[in-house]
Each structure stands twice: as structure tokens, then as C-alpha cells.
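Asks: Chains as they are written, first to last, in the working numbering: chain E, 1 to 225; chain V, 1001 to 1665; chain X, 2001 to 2296. Glycine included, each C-beta is placed from N, C-alpha and C at the ideal position. From a predicted model like this one, the values you see are computed outputs, not experimental measurements.
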Amino acid sequence: MPRRRLARLLLMVRFCFIHPPRHYPAQRDHIVNPAKIVLSRQALNPALIARLKQLAGTSIRNCMQCGKCSAGCPMAGFMEHPPSRTLRLLQLGQNIQVLAGRSIWHCASCETCTTRCPNGVDPAAIMDALRKLWWDEQGRSEEKEVQLASRLFLDNIRRYGRQHEMRLGALFNLQSGKLFKDLALGPKLMARGKLKLTQEKNRNLAEIEQIFARIEQMRQKGKTP
Amino acid sequence: MARIGVFVCHCGENISRTVDVEQVAAAAAKLPGVAFATDYKYMCSDPGQSLLKKAVAEHDLDGIVVAACSPRMHEKTFRNAAKVAGLNPYLCEMANIREHCSWVHEDRAEATAKARDIVQMMVARVKKANKLADITVPVTKRALVIGGGIAGIQSALDIADAGHQVVLVEREPSLGGHMAMLSETFPTLDCSQCIMTPKMVDVANHPNITLYTYAEVENVEGYIGNFQVTVRKKARSVDEDKCTGCGVCSAKCPQKKIPNAFDRDLGMRSAIYTPFPQAVPNTPVLDRENCTWFKSGKCGVCKKVCGPGAVDYEQQDELIVEPIGAIVVATGFKLYDIGRKPEDSSYKGYGEYGYGTIPDVIDGLTFERLASASGPTGGAIRRPSDGKEPKEVVFIQCVGSRAREKGISYCSKICCMYTAKHTMLYKHKVHDGQAYVFFMDARTPGKNYDEFWRRAVEEEEAAYIRGMVSRLYRKGEKIVVVGSDVLTGSQVEIEADLVVLATAVQARDGADSLAQKLGISYDKYNFYSEAHAKLKPVECATAGIYLAGACQGPKDIPETVAQASAAAAKVMTLLSKQQLEREPLVARVRESNCTACFACKKVCPYGAVEAKEIRDRQGKVVRVVAHVNPGVCGGCGTCQATCPSKTVELDGYTDEQIIAMIESL
Amino acid sequence: MSRTATALNYGYYPGCSLHASAREYDQSTRGLFGALGIGLSEVPDWLCCGATPAHNVDRLLSLALSAKNLTLAEKVEGDLAVACAACFSRLKTTQHELKDDAEKRSQVGRAIDGPVPLAKKVKHLLEILDSDFGLERLQQAVKRPLSGLKVACYYGCLLTRPPGVPQLDDAEAPTIMERVIEAAGAQTVAWSHRLECCGAGFTLSRPEVILKLTGDILAAAKEAGADCLMVACPLCQGNLDLRQQEVEKASGTRYGLPALYLTQLLGLAVGVPASQLGLDGLLVSPQGLLREKGLL
């Protein structure tokens, strides 16, 4: 068999096995129940609570575990830990588990939780803070693709000044190995002039690059959280 | 020459740990005018007080400074000891070297120096102190009870049974308050009306109680033991003396579709009506706003059919002035409304629950009316929208309560119990129905309370779900409840037929203006403030006014009755006296110096300043001066600070004394 | 805004998608505003606001990008008109977070190497139409009322949340979209999923999320008897339109609900030629529906 056809066949095979067909409605992966949490002054990790307060402007101590956030969260069904349980784990110092998990990456930033929390906790901001903590460390994580999408998005801004949607989609497909994702959509969008193949770079791209660079420097010097 | 005695207390270790009390006593002994100074371990104890009394006699003391804790703790103790020793009690002062010194500083040297300064100041003050005598005021032996719910009824009966006259003023046409609206009460599930109506009838029949219903307190003047209360009896349009309570007027009234507030607008009433069948008094009220006669001059049926001729369209509001010695405030509560609030309100409504626009989303009191045998559905549980029997009923706890973001931080105390009760009432009436309760905690601490709640869960099969509800929305005839169960970490969705919200208990509308009329304090939620959270739960800071029931804070019936009887006991203490003694630390005007500018009157928070006419021998008014009523004056000193001519001063806090204290340092 | 005689003029921040996958939103906005005599001057050299990915992983970067945009916006006169709900949210959030926090403001200032101007009024198109232009004037400008068209107004997440930031309308019971489209003669339906999330950016990395969330929204709109949806956010529109066929396949239900931008519907009503409204940009074509209602 010609090499190209074989390669394509292998790719399709890989696609079918490694990326199972989407089903509807979507399912939760698994419920995590730690058998035992051992607590101590150190294990409770008060420094983490302080850091989250600094980053998110909200204290997780205020969470009384009422569950209203999880009730209204559109993505709770896609998370192993709905928002109230993530906050609970953090209250018990279990940040390693939280940061390595996929739940924080499945938050849609819809702000429903923050809008309805009776005690003034801002779970949406906590989610941002947790993702940022992971982003700075780039440690272990069960999720890869949502981070990939974010990275490509920011990369585009650095490269062009504005989003290059075509590049975003194409690179995502390539780097996630989901080569055939939304393939049918491409031509439909192009026909309607909604998919630009090229993207002009901003005239002030140098200034934009400086913004990214300065923030990196500030972070290295510890001048910013 | 002054002969002051200084007693420095160790207060166990409380003071002596930080302050060198021996040094303070030694330094005090050297002050001019101090004839005796010593330190002692516990001045407030029996031997301590004996020490004080002995020293007064032995050293011929004419003034005392006890350097110890806060005067709020033991000023009374030591003043009594001084009195027993033969000294005018107001020549005894306390130097606070505990709360103001040893408890707030750590450095021993600095704290000791400060304690010495404090003692020095107090010695200077006592040197300039005047002998003062307690003020006596007369007592009117009549009590006023504002509010005719269970709290007001209980207080009134207790005071009246003790032999004193009581005036009870109730705003609604009938006694009963919220308890009359209830179906069954926890934890025993007895019928609310059955246990209450005998008490209501007792009030109406009691020879010592004057009952004004459909009346409000218009104005309050005066002070403890001597209040002048104006009561506005609103025009019922029915002569109470002639009316026999036959009910023909209500039956014949052509206006039948006025929403009845007693039935939470689920049931209707006529324009001339009694709010419920067991009303006391059983005298109807004519709602002039909704009456055809008053709106257009036509009808007049009720007057025509009234046998005794009791209907009187010409009746006017009546203002009655009652002399009163003590007042019990028992005005009760209202339930929080989830509707939209104005932008500047400190409360927020519940948009996520529909802002009150969904007809089958009701509150606890409305559910009570549904369950009540004398209610709009005769005790059958029915959906307000279409009258069908609901098979899936969802109860949501903590709506408004414990929600800082909605404006209410407190817990409303009664909802966990009444919701458990509602699930049981529902199950008793709809055997194939299911009750669900979304809750955060089950606060059931009273006697037999937790057992009651467990019965709801274990025997009556209510499904308790630990989690809150994010939103409610209509789906066809159902209401979709989007909630969560925190214990399993899942979202929970229920298509309910009826949703009952346990809304927060709040102070009634108008609670703040009544408090201002009475001159009592209230908190940011408009609940009335007790004088001391633990030790004075039924008294106000304003003397002569007492609190009973939910107007002071959310509480259930047993607590309300207990508090009502406690308030009554306080009233009886007051009324048992022929005269009242009050501390003489009040302001006094030097009439010869007063220019009658009345700046003091403007700033006095107690309204204690009056105009006094000085007359000559012929009775002609020569001058007008300010006069402080010693019975009302609260001793705050604002007048003294305001008076431009230094004419009014507070006994015990004269300018002379204060300046002496400052100059002594 | 600035007024010359009775004319309104605004600075304009379109945002990235309006130049690409949501080009019809830009087109119809310009068409509508042109017809109403409202001036729009695009901010020169504007940059991407960072949308959700930026604040998700680097809040300082997100604030800096918006601060830079606000700096550039100072170059155009008038209040800043924003069409995209996400861009609107980022700009408003930045102003809200930085106005009382001197430390954060100085950090952002260092990042963009310049002062952080926060005074510019940032307004969504809905606000401009509802308050500045006024519903009365809008009604008067209507040449072809959208009568008989049952519209389900879809707010999405960022127009009204979190409370205190967008300040557009009540977060739980907003009516601004309904007010605006009813002024054009349309009938709006009361439906249960006006404020529910469509899944937003997961359309890239987790499209199965869109199938569930957007599917629920389409189902609710259909149950309420809507003919079409009206949106104010390019990402919501993308999910509702581009993925509608997939949703239909996965759920086994036929929806056929065109998701139109508010400016497209209003443009039709005030007489902007259909060719200038980008109606052909929609995958779920509105042509049939609009012709049926006599609007095309």
C-alpha cells in the first residue's frame, strides 16, 4: 500500500481508538473519593488559602458548602469535582489533587456561581487563580487539550496582535491529534467568508510583544503574583 | 481637707499580673488628700468589702476610690458598701485599671505608670464630688402591651392576673397575630387555634384588660412610670357595644372578591369582614377602601340588614390618651418577600427563583393557610395556580436567611422546624405525595426538636437533600428545581408541582418608626435591641420599656411565651413599687444663668429638656428657662457639651471635676 | 458619547471575531448604526482583548491587554461602543477591578508602560440603543416592523454577569434585549434558558460540551415556540448556529432555529438592505423564515 494511504489509515485508526466517538449527553469521568485525608497544621495549608485570597480577592473560608454554585454550574456534569467540592478539597488542604485534576479546566467562566453565592465567595475567580497556579508551574495534569487551546490562543495574540481563528483551529487539530475534528465545518465557513486564511499583523505588534515580555520579567523578579 | 481612701485591687491575677498594685497603692498614699491607701486581692469579695467599710470608720474617710475593674461591673457593689458604711454612695468612684489598663497593655512598667495616673485622676475627681441623693419618681400602675399576638397576649394575661391594669393595643381587627394563622405547631403538632383561642378569649373577658383592636399607638410621651400614650382607634364603622357578632353583614355584603391578607391572598373576603372565624373580638371591620358605599355612595346593605343597628358609616377614628407606667413591645415579625427590591435597598430579591412571579412558588405561611382546616382550601393542599393536588413538593430552606449577599446574615431559627412540620402535614394529607427538602443544616435544638426532625426523615419519608437550589423555572405546568446534593457531589433536578420557600423572618414594616416613637434602639435589621444580650434579654436600654417575642429577633412559640412572661415579670417588679428610685447622675440647669436658647433641648436624645416658666408672686411669667426632667434624663452629657454658657451640667461629671482630673496629671 | 447637533458618535471596538467568523455582526452593526445616523469610529490598532483564555491563566495579562485597548481608545472621540459580549465583559471588568486598586493599577501600568486610563465609558450596543438613542426614536426609525416574528432573546453569560460589572440590566431577570427588539415590533417569548451558558470556548477543545449545553438552549427555545434566537455574542451565535446540525443529529430533534444578531434583526426593521446584513453568513439560514413573515 502506498505510504501516504497507510499513514492516513493509521491516523484514522488512531483517531477511532484514542478518541472515542462523542456521545450525548456527556458523562463524568469518575468520582474521586480519597480513602483518608490526614490533617495537621501543615496539611491544612493556610498559606494556600492566603495565596488564593491574594489572587482571587475572595476567601475560601467563606464557603459554607451550601452547594448553590454546583447546582447552577453548567459544567458540573463534566467535572469530577463540581465547584463546591473543589472548594471543600482546598479547605482541607488537598491542592495537589485539585491542581492535577481536569475539573478546573472544565470551568466555562460563566460567572453563575459568583452571581448566586449567598456568602459572597467568588468561585469563578478561584478557578482562574487555580488555573494560573498550574500555568506558572506547568506540573502534572489529567487534562491536556483545554490548556493547549488556551496556549494557542495566547500565542496568536503574541504573533499577530489579534486572533487568527484559522490558525487556532488548525494547530489545535494538529497538536491534539484530532485531525478530522470539524473538518466539514471548514469549507462551509470559508464559503461564507467567515474563515480568513491569512491574518495581518498589527502595526503595533512590537508594543504588544513588549507587554508580554514585561509581564514575564515582572514575574521572574517576583514583582507580580 | 479631704480624706480619701484608695483601695487597689489585685483582681486575682487579672490586674496584678501586669500592674504592680503595691506600687500603685504606695503612690496613692502620697497624694494630697489621701488619708488611707491599701491593696487587696479581691475587693469585690465579702472580706474586701468589709475592709472598705472598716477603713471608712477607722480613718474617717469622706471619699473612696476603688482601683479595680470597670464600673460597669462593680460600681453598684462598692457604692452599696459605702452606703452601708455611712458614706454618700456618690462619693465613691472606681478607677478602671483592668479593662483600661492591665487587660490592654503588656509592659509592666508602662502599665503601672498608667495605673498610677488613673488613680491620681480619680482621686482629683472624688475631691470635687458632691453628695447626691437618689431621685424618686411616681409610678402609674398601668401597663401597655403593644401587639396582640401570642407574646402580647401572654404578657397581658400575666400582668392582669397579678392585679394590674393592662391596655392591649392590636393593629389588626383581631387578636392572634401569626400564631392564629398556623395550622399545627411543632413539636407536638397541636392545632394552633385550639391552644390559642382560649387565651384570646381570656384577654377579651379579663376585667383588668382594656382591649383596643384595629388600633395603633399614635404617640408616646413621658418616661418610666409616667408615660402618656395616645392610641388611635381606627374607625371600624361598627359600634362595638351594639354588635352581637351575628355575621349577617359579611354574608350579605355584595363585595366578595377582596383578597384576604390573613389567607395570604389565596382566599377572598367581603368588604365588611372578620379576618377569620375565631376572631376576637368577633366584631367586623368595614374596609372603607374597598367598600362600594364609601367609593360611590351606593349599597349600604350591611347597615340595612344589621339587626342591632351597629353599622355606622359616620364613625371616625378616635384618639385616646392613656396614662401608663410600663410598656411591653410585642409587635412580632413579617416574612421576607423574594420580589424585586429597589436599587438602593440593602436587601436583594431572588431573581433566580422568579422574583415572586411564579404562582406555585409560595412561602411557609401560605403553606400553613393551605394546611389549615379553616383556611381557603379547607385544609387540602392545592396548587394556587390550578387547584390541583401536588404530588411532588419541594421545600427550600434558608431563602434570604444566612445569605450575606441578599442582605441578611442571621439564621431565622424557626424554619428548620417548621419545614420538617410541613413535610409531615403534607404527608398526612397527601399519602402518595413526596416531600423534598433542600437544606444546609438542620437546626433543631429545643426539647423534642431533633426527634421531631428525625421523625420527618425516618418515619414520614421526607427526602432531605443537603444542598441549595440555584434556580427555579417554569416548564409547562411544573416548576423545575435545579439544585445540588453536596454529599454525593451531584446536581439534583426535580420537576415539582409546588415549591415552598422558607423565607427569612424579618422585623415588621414600620418597626423603625414605632421604635422612634418609643425612643428605643433597634439594629440594622430593625429588630429591637435588648439592653444586654445575655443578662437583660427583655429590657430595653430605655427604662420602662420591655420586649417580648419576635420583634426582638426570630424565635419560636415556647421562647416567645417564656420571653413574654419574663417581660411581664419585669413590669410587675416596676409596678410593685410605690416610687421609683433612679440614679441621680442627671443634668441640672442653673436657672439663674440660663438664657433659654434651648440648644440643650435640640440635642437631647431622650427628650428630657422642657421649658420651665419662672413666675413672680403675682403669677406673671417673668422668664422661661430650660429644665431637665430628672426621670427622663439618661445622663449622656450632650447638653453639657453643647451649652454655650456652661449652665447645664451633669451631676457626677461637672466641668470642675473633669478639669481637676486633667490638671492632676 | 458626543453629540453634534442631534447625532451620536462613538468609538468602536469590534473585537477579533467580528473581523472573521462573526463578520456579519460587524457588517450589520455598521449597517444599522449607519441607518440610524449613529457614528462609529474604529479604534486604531486595537488588539485582542484576550477573552476567556487570557484571564483563565494570566489575570495580569488580561488586564494589560484591556488597559492597552483603553489607551488606544482614548484616540477616538465619544464613548466606546462594543458589540461582542466577551470583549465588553473584559473591558468593563478591567475598569471595575482597577478603579479602586492602586497596586494592581500600577502593575498594569508597568506592563503596558504607560498610564491606565479608566474614564472612558464602555457601552454595549444594547445600552446605546436602549438609553442613548432611546426606544422611542428606535420605534420611529422602524420602516418594516418585525410583526409576527417570535424571538427568543438569548443573553448568554457575560452581558449581565457577574453583578456589578456589566451594569447592563438585572442579572436574573434582564429585559433589555426584549425591550429593544419589541420596539422593532417583534414578539418575544418567555423561555427558561435565556441566561444559561452555551459552552463558550469549549467549542474548540470540548465540542461535546456544546452539544449538551447548546442543545438544552435550542430545546428550550423551541419549547417556548420561538421562530428564531436573537444573540449579542459572536461565540454564542457560533455555537447556536454552526453546531445546530450536530445537535440535531445527536439529540434526534429538528430545530431549524436561525440564530440572528440583534443588529441583523434591527437592521431589517429599519430598512437596511438585506445584502448589507450578512444574513448569508448563517449556516442555519433565516431566509425561509424571514420570507414567510414578509420581512424579506
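So, under 8 Å CB-CB, V/Leu1319 and V/Asp1363 are touching, yes? Tell me the CB distance rounded to an integer number of Å.
Replies: Not confirmed; about 36 Å, so no contact.
Asks: Compile a chain-ordered list of the residues in the stretch 2151-2182 of chain X whose CB is closer than 8 Å to at least one CB of chain V.
Replies: Under the 8 Å Cβ criterion, the stretch 2151-2182 of chain X contributes Asp2170, Ala2171, Glu2172 and Ala2173.
Asks: In three-state terms, what does DSSP make of E/Met190?
Replies: Helix at E/Met190.
Asks: For chain E, find out if any of its Cβ atoms is closer than 8 Å to the Cβ of X/Asn2009; answer yes or no.
Replies: No - not a single Cβ of chain E is within 8 Å of the one on X/Asn2009.
Asks: May I have a chain-ordered list of the alpha helix (DSSP H) segments no shorter than 4 residues that lie completely inside the stretch 1449-1530 of chain V?
Replies: Runs of the alpha helix (DSSP H) inside the stretch 1449-1530 of chain V: 1449-1458 and 1511-1518.
Asks: My output table needs one value for X/His2124: the three-state DSSP class, helix, strand or coil.
Replies: If DSSP states are grouped into helix, strand and coil, X/His2124 belongs with the strands.
Asks: Pop quiz: V/Glu1591 and V/Ile1557 are said to be a contact at Cβ under 8 Å. What is the actual Cβ separation, rounded to whole angstroms?
Replies: At roughly 54 Å, the Cβ-Cβ gap does not stay under 8 Å, so V/Glu1591 and V/Ile1557 are not in contact.
Asks: Among residues of its own chain, excluding the 5 on either side of V/Ala1456, which ones have a beta-carbon nearer than 7 Å to its beta-carbon?
Replies: Closer than 7 Å at the Cβ level, and outside the excluded window around V/Ala1456, lie Ala1420, Thr1423, Met1424 and Ala1462.
Asks: Ignoring anything shorter than 4 residues, give me the alpha helix (DSSP H) runs that lie fully in the stretch 2057-2087 of chain X, in order along the chain.
Replies: You should have 2059-2073.
Asks: Under the rule that 16 or more other beta-carbon atoms within 10 Å means buried, what is V/Met1001, buried or exposed?
Replies: V/Met1001 is exposed by the Cβ-count criterion.
Asks: Rounded to a whole number of angstroms, what is the C-alpha to C-alpha distance between E/Asn156 and E/Leu99?
Replies: Using only the alpha carbons, I get a separation of about 26 Å.
Asks: Less than 7 Å between C-beta atoms, sequence neighbours within five positions excluded: which residues of the same chain meet that for X/Leu2072?
Replies: These residues qualify, in order along the chain: Val2043, Pro2044, Asp2045 and Trp2046.
Asks: What separation, rounded to the nearest whole angstrom, lies between the Cα atoms of V/Glu1392 and V/Lys1475?
Replies: Approximately 14 Å, taken between the alpha carbons.
Asks: Run the CB neighbour count on E/Arg5, radius 10 Å, all protein chains shown included, and call it buried at 16 or more, exposed below.
Replies: Looking at its Cβ environment, which holds fewer than 16 other Cβ atoms inside 10 Å, E/Arg5 is exposed.
Asks: To the nearest angstrom, how far is it from the Cα of V/Thr1488 to the Cα of X/Lys2212?
Replies: Roughly 22 Å between the two C-alpha positions.
Asks: Anyone know if the C-beta pair for V/Ala1611 and V/Ala1626 falls short of 8 Å?
Replies: It is a contact, given that the beta carbons lie within the stated cut-off.
Asks: Please report the straight-line C-alpha distance between V/Lys1555 and V/Val1437, rounded to a whole angstrom.
Replies: Straight-line Cα distance between these residues: approximately 21 Å.
Asks: Name the two residues that bound the continuous alpha helix (DSSP H) containing E/Asn156.
Replies: Note, E/Asn156: alpha helix (DSSP H), Glu145 to Tyr160.
Asks: Output, in sequence order along the chain, the residues in the stretch 1397-1408 of chain V whose CB is closer than 7 Å to any CB in chain E.
Replies: Here the close residues are Arg1402, Ala1403, Arg1404, Glu1405 and Lys1406.
Asks: Excluding five sequence neighbours on each side, which residues of the same chain lie with their C-beta closer than 6 Å to the C-beta of V/Cys1044?
Replies: Cβ within range, chain order: His1074 and Thr1077.
Asks: My guess is that V/Ala1596 and V/Val1628 are in contact by the Cβ rule of under 8 Å, so how many angstroms apart are they, rounded?
Replies: About 13 Å; that fails the 8 Å criterion.
Asks: Report yes or no: is there a C-beta of chain X within less than 8 Å of the C-beta of E/Leu179?
Replies: It does not: the Cβ of E/Leu179 has no partner Cβ on chain X nearer than 8 Å.
Asks: Assuming V/Arg1340 contacts V/Gly1354 under a Cβ cut-off of 8 Å, what Cβ separation, rounded to an integer in Å, is found between them?
Replies: At roughly 10 Å, the Cβ-Cβ gap does not stay under 8 Å, so V/Arg1340 and V/Gly1354 are not in contact.
Asks: Please name the residue in E/Pro82, E/Ser59 and E/Asn202 whose C-alpha comes closest to that of X/Cys2048.
Replies: When only C-alpha atoms are compared, the closest one is E/Asn202.
Asks: When you compare only the Cα positions, how much space is there between E/Leu205 and X/Arg2030?
Replies: Near 26 Å, if we compare the C-alpha coordinates of X/Arg2030 and E/Leu205.
Asks: Using 8 Å as the limit for Cβ to Cβ distance, is E/Ile227 near chain X?
Replies: For chain E, the structure presents residues 1 to 225; residue 227 of chain E sits outside this window and is missing.
Asks: Using the C-alpha atoms, what's the distance from X/Cys2228 back to E/Leu195?
Replies: Roughly 24 Å separates the two Cα atoms.
Asks: Verify the CB distance criterion: does X/Ser2192 have a CB-CB separation below 8 Å to chain V?
Replies: It does: the Cβ of X/Ser2192 has a partner Cβ on chain V nearer than 8 Å.
Asks: Just to confirm the assignment, what range does the beta strand (DSSP E) spanning V/Lys1233 have?
Replies: Element bounds for V/Lys1233: Asn1226 to Lys1233.
Asks: Helix, strand or coil, according to DSSP, for V/Arg1404 in the structure here?
Replies: Reduced to three states, the DSSP call for V/Arg1404 is helix.
Asks: Are there 16 or more other CB atoms within 10 angstroms of the CB of V/Gln1506, so buried, or fewer, so exposed?
Replies: Answer is buried; the Cβ neighbour count reaches 16.
Asks: Run through chain V and tell me which residues come within less than 7 Å of E/Pro118, C-beta to C-beta.
Replies: Chain V residues near E/Pro118: Arg1402, Ala1403, Arg1404, Glu1405 and Lys1406.
Asks: Where does X/Ser2041 fall in DSSP's three states?
Replies: Here X/Ser2041 sits in strand by DSSP.
Asks: Whose CA, out of V/Gly1351, V/Arg1142 and V/Pro1173, lies closest to the CA of V/Gln1578?
Replies: When each option's Cα is compared against that of V/Gln1578, the closest is V/Arg1142.
Asks: Does any CB atom of chain X fall closer than 8 Å to the CB of E/Asn45?
Replies: E/Asn45 does not count as touching chain X.
Asks: If I follow the unbroken alpha helix (DSSP H) through X/Gln2139, where does it start and stop?
Replies: That run of the alpha helix (DSSP H) goes Leu2135 to Ala2141.
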